[in-house]
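**Q** Residue 344 in my numbering sits at position 237 of the sequence shown, with consecutive numbering throughout. After the structure tokens below, expect a handful of questions from me.
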Amino acid sequence: GSRRVAEIPGTTTALLFGGYGESFARHDELYRLDFAGGEAVFTQLTHVNPPPARALHGFVYDAVHERFVTFYGCGSGIFDDVWTMTLDGDTASWTQHEISGPSPRYGFFYGVHDGRVLLFSGAQGSGQVDPAEDTWVLDLSGDVPAWQALAIESPPGRRNGCAVMDSDAPRLWVFGGTPDAMTSAPGLWVLDAEPGHESWQQLQLAGEPPVRSSGFGIYDHVRQRTWLGFGNTTMAVFQEFQQLTHVAP
């Protein structure tokens with residue numbers, strides 16, 4: 108559970124890092140997935156100087172520098188760290204970067220586009236959710252990533268919802284999540300991710316599925332459409348996948 112996936116664009120390769128297993132024990136395992144030919148082939152990779160084991164973190168591919176980036180999440184505590192990683196065959200070499208940024212958090216919403224990671228909200232507490240109500244950018248353009256807080260009004264805070272990056276617009280979709288570990292936050296939100304024009308908007312669309320937490324979503328770049336689905340509430344577990352038909356920028 109909560110293992111994060113970073114796909115290398117234009118390839119049939121993705122990396123999976125972290126997550127939790129039995130009794131919510133955190134892992135620092137790193138796997139390469141090759142799905143060429145429609146079959147999934149997993150290879151566990153060797154770490155050099157790996158980050159602490161974690162779950163509900165961020166993990167993305169930085170195409171400009173041909174490296175991977177992981178940040179924040181929870182494990183032995185709630186983290187506020189940023190690491191970059193490069194691959195040489197089956198060996199991954201990690202570097203930690205001492206930079207200041209958002210408060211420690213996990214279960215946040217994020218997406219990467221054109222060398223920028225957009226990050227919204229997340230839980231700041233281990234008992235109470237204490238959700239953050241802010242939006243940040245992690246700039247990957249330099250050798251050392253850098254955080255920037257966006258001076259914009261953000262949606263109500265929550266953790267463990269569905270986030271999908273529409274890289275063509277660009278925009279970040281946010282659906283569901285929980286502010287209190289008991290209820291799910293209503294509403295579909297979208298962040299205009301165009302640099303210098305960032306702003307949030309809540310949308311009310313016909314046929315909106317039941318609100319939930321821990322959902323999943325993907326953006327189909329070829330067909331330029333977004334899919335949302337799965338997830339749960341305290342009363343139900345969802346198994347459907349629905350297309351988001353709102354396509355106007």
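Here a beta-carbon is modelled for each residue, glycine too, at the ideal position from N, C-alpha and C. As the structure is a prediction and not an experimental result, all values here were calculated from the model.
Please state if the CB of L257 and the CB of G214 are separated by a distance shorter than 7 Å.
**A** On the sequence shown, position 107 is the one that residue 214 refers to. On the sequence shown, position 150 is the one that residue 257 refers to. Going by C-beta atoms, G214 is not nearer than 7 Å to L257.
**Q** Could you give the C-beta distance for L279 and L298, rounded to a whole number, given that I count them as a contact under 8 Å?
**A** For the purposes of this step, residue 279 is taken as residue 172 along the sequence shown, with counting starting at 1. For the purposes of this step, residue 298 is taken as residue 191 along the sequence shown, with counting starting at 1. Rounded, the Cβ-Cβ distance is 4 Å, consistent with contact.
**Q** Is G268 a contact residue of the ligand SAM, with contact defined as CB to any heavy atom under 6 Å?
**A** As far as ligands go, the structure on display features none, and thus does not contain the ligand SAM.
**Q** Determine whether the beta carbon atoms of R174 and S228 lie at a separation below 7 Å.
**A** Sequence index remark: in the sequence shown, residue 174 carries index 67 (1-based). Sequence index remark: in the sequence shown, residue 228 carries index 121 (1-based). The answer is no: Cβ separation not under 7 Å.
**Q** Run through DSSP, which three-state label would S248 get?
**A** Taking the sequence shown and counting its residues from 1, one reaches residue 248 at position 141. Coil at S248, not helix or strand.
**Q** Taking 7 Å as the CB-CB cut-off, is A170 touching chain C?
**A** Considering every chain present, this structure includes no chain C. It has just one protein chain.
**Q** Going along the chain, which unbroken runs of the beta strand (DSSP E) with 3 or more residues stay wholly within the segment 215-266?
**A** Counting whole runs of 3 or more residues, the segment 215-266 contains the beta strand (DSSP E) stretches 216-220, 223-227, 242-246 and 253-256.
**Q** CA-CA distance, L335 and F323?
**A** Mapped onto the sequence shown, residue 335 falls at position 228. Mapped onto the sequence shown, residue 323 falls at position 216. Rounded to the nearest angstrom, the two C-alpha atoms are 6 Å apart.
**Q** Comparing alpha-carbon positions, which option in R133, S261 and E301 lies nearest S274?
**A** For the purposes of this step, residue 274 is taken as the residue at position 167 of the sequence shown. Ranking R133, S261 and E301 by Cα distance to S274 puts E301 first.
**Q** Please list, in chain order, all residues of the same chain as T191 whose beta carbon is under 6 Å from its beta carbon, the five residues on each side excluded.
**A** Along the sequence shown, read from residue 1 onward, the residue named residue 191 stands at position 84. Only R174, V176 and T202 meet the Cβ criterion.
**Q** What are the start and end residues of the beta strand (DSSP E) that includes Q331?
**A** Position 224 of the sequence shown, counted from the first residue, corresponds to residue 331. Note, Q331: premise wrong, no beta strand (DSSP E); not H, not E.
**Q** Buried or exposed: which applies to N267, given that a residue is buried once 16 or more other Cβ atoms fall within 10 Å of its Cβ?
**A** As a position in the sequence shown, residue 267 is number 160, starting the count at 1. Buried, by the Cβ-count rule.
**Q** Tell me which residue opens and which closes the beta strand (DSSP E) that L152 is part of.
**A** As a working mapping, residue 152 is identified with position 45 in the sequence shown. Taken as a continuous stretch (DSSP letters only), L152 belongs to no beta strand (DSSP E), as it is neither H nor E.
**Q** Can you give, in chain order, each stretch of the beta strand (DSSP E) that sits fully within the segment 190-216 and has at least 3 residues?
**A** For the segment 190-216, whole beta strand (DSSP E) runs of length 3 or above, ordered along the chain, are 198-204.
**Q** Quick one: what does DSSP say F131 is sitting in, helix, strand or coil?
**A** Position 24 of the sequence shown, counted from the first residue, corresponds to residue 131. DSSP places F131 in helix when its eight states are reduced to three.
**Q** Let's test the definition: count the other Cβ atoms within 10 Å of the Cβ of A292 and tell me whether it reaches 16, buried, or not, exposed.
**A** The residue given as residue 292 occupies position 185 in the sequence shown. Counting Cβ neighbours within 10 Å, A292 comes out buried, since at least 16 surround it.
**Q** If you drop the 5 nearest sequence neighbours on each side, which residues of the same chain put their C-beta closer than 6 Å to that of L281?
**A** Taking the sequence shown and counting its residues from 1, one reaches residue 281 at position 174. Reading off the sequence shown, one finds Val at residue 281, where the question assumed Leu. Answer for V281: F216, A270 and W296, listed in chain order.
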